[in-house]
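Below is one structure, written out as structure tokens, with a few remarks after it.
In my numbering, the protein residues as written are 158 to 539.
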């Protein structure tokens, strides 16, 4: 069972035994510097200014700025951190320092005598169920945004050139938009839920697995329901539409994008997160096509082949690559764009939700009545 304390990266800070462990091995820190680290960790994600260090670590003993600078420098050495590219302690010039790594409190094998630590970190203050629901909901909305962009694009492609007599263009746009939105929302819900559950478990490598499992389950169910619906309505159905296999790979791509983009790190910009997630999602989309699967563009092409009288074909995309109809190159390129949009939408939306959930001060904490200060009921280290 994991030891009791604040867990971040390879480290565990035990506030009662007054020790810092790295992979279970004690790290040498004097009492003052241990107190300084504890102050930062208790307020993870929040700016800790010089005045708080003076009052809570140095107990208002007059010290120079160099003493605090030396303290932070040594803490970074012990944590293996780099001031220019921090993973743990971020400098806020002229103001103080911020602990930017993800922190989780774990009880370990020892029973807690005081439950107060559970209210100190924002992620621990919210119930696991509410956190998962909010993260998954945000990811679903992000997927819907990606579906809106993709649906409009495919709709206008299908409506160009105009149909004979000028009719049906608006219907083509509406149908492809509605179908793409529906698949994006449902698929996004499954993938986001899987990632949110893995994130709540505190296991970053599980994000890829969570996304893959969520995508596979939802994709498989949607395909079965879709085939049944077509059979009931038209007596036949396309068999190659997107389903469980596609959901598995695309979900894994989104989960990998969430992991590699540093979704939980406050030092990563939205642009950086979006770019890395998009690259992983796009690569996953292309792999789907290479393995014989289909995303939305390929699924629409399957519908056209099953129902030649339909007007939702995307053959025009093939012309951009010198192909007749939606050939393999055009479909792979479309799948890359689809996967990139989907992954970026889900991961960025989940990062924004996580940022709000992990905000230790401000409206989120105030509205829920949480403790936003390291004082009061905080476990004292000295």
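Note that CB positions come from ideal geometry on N, CA and C, so glycine has one too.
Just the Cα atoms here: how many angstroms apart are residue i and residue j?
{"i": "residue 382", "j": "residue 394", "result": "11 angstroms"}
{"i": "residue 227", "j": "residue 194", "result": "13 angstroms"}
{"i": "residue 502", "j": "residue 214", "result": "42 angstroms"}
{"i": "residue 375", "j": "residue 405", "result": "9 angstroms"}
{"i": "residue 231", "j": "residue 220", "result": "17 angstroms"}
{"i": "residue 242", "j": "residue 458", "result": "47 angstroms"}
{"i": "residue 506", "j": "residue 494", "result": "18 angstroms"}
{"i": "residue 338", "j": "residue 455", "result": "16 angstroms"}
{"i": "residue 309", "j": "residue 259", "result": "38 angstroms"}
{"i": "residue 439", "j": "residue 189", "result": "49 angstroms"}
{"i": "residue 504", "j": "residue 476", "result": "32 angstroms"}
{"i": "residue 209", "j": "residue 402", "result": "53 angstroms"}
{"i": "residue 388", "j": "residue 463", "result": "12 angstroms"}
{"i": "residue 474", "j": "residue 330", "result": "15 angstroms"}
{"i": "residue 354", "j": "residue 410", "result": "16 angstroms"}
{"i": "residue 448", "j": "residue 485", "result": "11 angstroms"}
{"i": "residue 351", "j": "residue 216", "result": "46 angstroms"}
{"i": "residue 426", "j": "residue 176", "result": "33 angstroms"}
{"i": "residue 234", "j": "residue 185", "result": "11 angstroms"}
{"i": "residue 174", "j": "residue 492", "result": "53 angstroms"}
{"i": "residue 366", "j": "residue 434", "result": "15 angstroms"}
{"i": "residue 400", "j": "residue 245", "result": "41 angstroms"}
{"i": "residue 261", "j": "residue 358", "result": "10 angstroms"}
{"i": "residue 263", "j": "residue 297", "result": "29 angstroms"}
{"i": "residue 301", "j": "residue 223", "result": "51 angstroms"}
{"i": "residue 100", "j": "residue 166", "result": "Because the chain in this structure spans residues 158 to 539, residue 100 falls outside the shown range and cannot be described."}
{"i": "residue 201", "j": "residue 250", "result": "17 angstroms"}
{"i": "residue 513", "j": "residue 348", "result": "20 angstroms"}
Does DSSP classify residue i as helix, strand or coil?
{"i": "residue 352", "result": "helix"}
{"i": "residue 407", "result": "helix"}
{"i": "residue 388", "result": "helix"}
{"i": "residue 338", "result": "helix"}
{"i": "residue 274", "result": "Below a pLDDT of 50, predicted positions are generally treated as unreliable, and residue 274, at 42, falls in that range; the measurement from the model is reported next regardless. Reduced to three states, the DSSP call for residue 274 is helix."}
{"i": "residue 495", "result": "helix"}
{"i": "residue 247", "result": "strand"}
{"i": "residue 280", "result": "Note that residue 280 scores a pLDDT of 39, beneath 50, so its modelled location is shaky; the value from the coordinates is reported in the next line. In this structure, residue 280 counts as helix in the three-state DSSP scheme."}
{"i": "residue 531", "result": "Residue confidence for residue 531 is low, a pLDDT of 36 falling below 50, so the modelled location carries little weight and cannot support an answer."}
{"i": "residue 478", "result": "coil"}
{"i": "residue 242", "result": "coil"}
{"i": "residue 464", "result": "coil"}
{"i": "residue 205", "result": "strand"}
{"i": "residue 253", "result": "strand"}
{"i": "residue 215", "result": "coil"}
{"i": "residue 399", "result": "coil"}
From the DSSP output, read off the bridge partner residues of residue i.
{"i": "residue 170", "result": "163 and 177"}
{"i": "residue 302", "result": "Residue 302 is not bridged to any residue."}
{"i": "residue 262", "result": "163"}
{"i": "residue 183", "result": "178"}
Just mark residue i as buried or exposed, buried being the case when its beta carbon has 16 or more other beta carbons within 10 Å.
{"i": "residue 279", "result": "Because residue 279 sits at a pLDDT of 44, beneath the cut-off of 50, its placement in the model cannot be relied upon, and the following sentence gives the value as read from the coordinates. Buried."}
{"i": "residue 192", "result": "buried"}
{"i": "residue 386", "result": "exposed"}
{"i": "residue 255", "result": "buried"}
{"i": "residue 396", "result": "exposed"}
{"i": "residue 483", "result": "buried"}
{"i": "residue 161", "result": "buried"}
{"i": "residue 428", "result": "exposed"}
{"i": "residue 212", "result": "exposed"}
{"i": "residue 489", "result": "buried"}
{"i": "residue 407", "result": "buried"}
{"i": "residue 496", "result": "buried"}
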